[in-house]
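Residue numbers (our numbering), protein chains in the order written: chain A, 383 to 518; chain B, 383 to 518. Contents: one structure, followed by commentary.
There are 2 protein chains.
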Amino acid sequence: MNISTRTEYALRALTELALNATDKPVSINDICKNQNLPVKYIEQLFRKLKQNNLVKSIHGAKGGYQLALDLNDISLKDIMNAVDENNIAPYCSGKPEDHAHCIGLPCGFKKLWDEINEHTENYFDSIKLDQIVARL
Amino acid sequence: MNISTRTEYALRALTELALNATDKPVSINDICKNQNLPVKYIEQLFRKLKQNNLVKSIHGAKGGYQLALDLNDISLKDIMNAVDENNIAPYCSGKPEDHAHCIGLPCGFKKLWDEINEHTENYFDSIKLDQIVARL
DNA sequence: CCAATTCATACTAAATTAATATGTTATCCT
DNA sequence: AGGATAACATATTAATTTAGTATGAATTGG
Numbered sequence: 383m384n385i386s387t388r389t390e391y392a393l394r395a396l397t398e399l400a401l402n403a404t405d406k407p408v409s410i411n412d413i414c415k416n417q418n419l420p421v422k423y424i425e426q427l428f429r430k431l432k433q434n435n436l437v438k439s440i441h442g443a444k445g446g447y448q449l450a451l452d453l454n455d456i457s458l459k460d461i462m463n464a465v466d467e468n469n470i471a472p473y474c475s476g477k478p479e480d481h482a483h484c485i486g487l488p489c490g491f492k493k494l495w496d497e498i499n500e501h502t503e504n505y506f507d508s509i510k511l512d513q514i515v516a517r518l
Numbered sequence: 383m384n385i386s387t388r389t390e391y392a393l394r395a396l397t398e399l400a401l402n403a404t405d406k407p408v409s410i411n412d413i414c415k416n417q418n419l420p421v422k423y424i425e426q427l428f429r430k431l432k433q434n435n436l437v438k439s440i441h442g443a444k445g446g447y448q449l450a451l452d453l454n455d456i457s458l459k460d461i462m463n464a465v466d467e468n469n470i471a472p473y474c475s476g477k478p479e480d481h482a483h484c485i486g487l488p489c490g491f492k493k494l495w496d497e498i499n500e501h502t503e504n505y506f507d508s509i510k511l512d513q514i515v516a517r518l
């Protein structure tokens, strides 16, 4: 199990917005210069972050991105869900492919995966951007 | 973030050993027949499980595998570590590639990832095979 | 109008994953 | 002794995912 680099990148990038206290938007270019990240890749991630209402954007010159929510209203779980669509343990439920090996219905393992999904989501949801930024 | 199918397969397979209460070993063939898994792939996983001392094997005809430890001494973490070598959040420490984007040393994000690694490892280590089997 | 910027889509190279293929070695059973 | 069974070992492969690049359109400030 591992946290994707997409999540790592998105988190790094979002902390740049968090650290920029002014109301001026920050451009992808500046973010990537500061955090040493690939511009075009981060652009893609920010579009997903925007679709998930974590950031808002301002078009054109002097444009860029801002956080759409308070620092303590954005969790690591939110970020992960935004850039990284797959579930933690998608087994034994949902799509047919996900219970390809199930025996019986409901499969005996379903409860386990459900519990793991719930615990893990709760945990990552408890980690908010403000705490992360405070400890940088 | 997601739990690998390797882990899911290995867990399914190990529960077959757990459910087989007799002292006779269970063959990969029987495991895979019962759990609907690909034989040769499971063979590979069992070699890793053996290297990690989770199972022991008996060679030749009538041979097969047995658990090497008590059910409550095998955790989901043990299984994950055996079949799936990558860490949860390898960022900002260890290999050079893993802190490719770090700024400063130690990188400000290191504590976060360390905490996440520790919490998550502890969590999966708290889930033992006996609990899993009991709820099948 | 021009530069800076978001927005959108398509493509690509590398890595990982989930197997399959082809054996060898060890042990039981007749 | 010999055949069947099953672990052990390694190489190969097909599909998918990942991490990025390429190309360009739409929007806005100066």
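Ideal placement from N, C-alpha and C gives every residue a C-beta, glycine not left out.
For this session: Please decide whether B:K493 counts as near chain A, where near means a Cβ-Cβ distance under 7 angstroms.
Result: In the second sequence, counting from the first residue as 1, residue 493 of chain B sits at position 111. Answer yes: the Cβ-Cβ gap between B:K493 and chain A drops below 7 angstroms somewhere.
For this session: Taking only the alpha-carbon atoms, compute the straight-line gap between B:D460 and B:D512 and give it to the nearest angstrom.
Result: The count along the second sequence starts at 1 and reaches residue 460 of chain B at position 78. The count along the second sequence starts at 1 and reaches residue 512 of chain B at position 130. The straight-line gap from Cα to Cα measures roughly 13 angstroms.
Exercise. So is B:R517 in contact with chain A if we call contact Cβ pairs under 7 angstroms?
Worked result: Looking up residue 517 of chain B in the second sequence gives position 135. Output row for B:R517: interface = yes.
Problem set entry | Contact list for A:N384 against chain B, beta-carbon separation under 8 angstroms | Here residue 384 of chain A refers to the residue found at position 2 when the first sequence is read from its first residue. Per Cβ cutoff of 8 angstroms: M383, N468, N469, I470, A471, P472.
For this session: Could you confirm whether any beta carbon from chain A is found closer than 7 angstroms to the beta carbon of B:D418?
Result: The residue given as residue 418 of chain B occupies position 36 in the second sequence. The displayed chain sequence assigns Asn, not Asp, to residue 418 of chain B. With a threshold of 7 angstroms between beta carbons, B:N418 makes contact with chain A.
For this session: Identify the continuous alpha helix (DSSP H) that holds B:L396 and give its terminal residues.
Result: Within the second sequence, residue 396 of chain B is the residue found at index 14, counting from 1. 387–401 is the span of the alpha helix (DSSP H), which, as asked, contains B:L396.
For this session: List the residues of chain B that A:I413 touches, going by C-beta distances under 8 angstroms, in chain order.
Result: Walking along the first sequence from the start, residue 413 of chain A turns up at place 31. When 8 angstroms is used as the limit between beta carbons, A:I413 is near no residue of chain B, the shortest such separation being about 12 angstroms.
Problem set entry | Residue closest to B:S457, alpha-carbon to alpha-carbon, out of B:M383, B:K422, B:Y505 | Residue numbering aside, residue 457 of chain B sits at position 75 when the second sequence is read from its first letter. Considering only alpha carbons, the answer is B:Y505.
Problem set entry | Closer than 8 angstroms at the beta carbon, the chain A residues around B:R394 | Taking the second sequence and counting its residues from 1, the one referred to as residue 394 of chain B is at position 12. Chain A residues near B:R394: H483, F491.
Exercise. Does the Cβ-Cβ distance between B:L449 and B:L518 come in under 7 angstroms?
Worked result: Here residue 449 of chain B is taken as the residue at index 67 of the second sequence, counted from 1. Here residue 518 of chain B is taken as the residue at index 136 of the second sequence, counted from 1. Judged by their CB atoms, B:L449 and B:L518 are not nearer to each other than the 7 angstroms cut-off.
For this session: Have a look at A:I514 and A:I413 and give me their C-alpha separation to the nearest angstrom.
Result: Within the first sequence, numbered from 1, the residue matching residue 514 of chain A stands at position 132. Within the first sequence, numbered from 1, the residue matching residue 413 of chain A stands at position 31. Here the C-alpha atom of A:I514 lies approximately 17 angstroms from the C-alpha atom of A:I413.
Problem set entry | Identity of the residue in B:G446, B:C484, B:K406 nearest B:E425 by Cα | Reading the second sequence from its first residue, position 43 is the one you call residue 425 of chain B. It is B:G446 whose Cα lies nearest to the Cα of B:E425.
Problem set entry | Beta-carbon contacts of B:I498 that lie in its chain and below 8 angstroms, excluding the five residues immediately before and after | The count along the second sequence starts at 1 and reaches residue 498 of chain B at position 116. Residues of the same chain with a CB within less than 8 angstroms of the CB of B:I498, apart from the 5 flanking positions on each side, are I470, A471 in chain order.
Exercise. Taking 7 angstroms as the CB-CB limit, is A:I424 close to chain B?
Worked result: To locate residue 424 of chain A, count along the first sequence from 1; it is residue 42. It does not; no Cβ of chain B falls within 7 angstroms.
Problem set entry | Under 7 angstroms from the C-beta of A:I514: neighbouring residues of chain B | On the first sequence, residue 514 of chain A is found 132 positions in, with the first residue counted as 1. Within 7 angstroms Cβ-Cβ: L494.
Problem set entry | Any C-beta of chain A under 7 angstroms from that of B:E390 | Against the second sequence, residue 390 of chain B aligns to sequence position 8. True, the Cβ-Cβ gap to chain A drops below 7 angstroms.
For this session: Buried or exposed for B:T397, please, with buried defined as at least 16 other CB atoms from any protein chain shown within 10 angstroms of its CB.
Result: Position 15 of the second sequence, counted from the start, is the residue given in the question as residue 397 of chain B. Classification of B:T397: buried, given that the 10 Å Cβ count is 16 or more.
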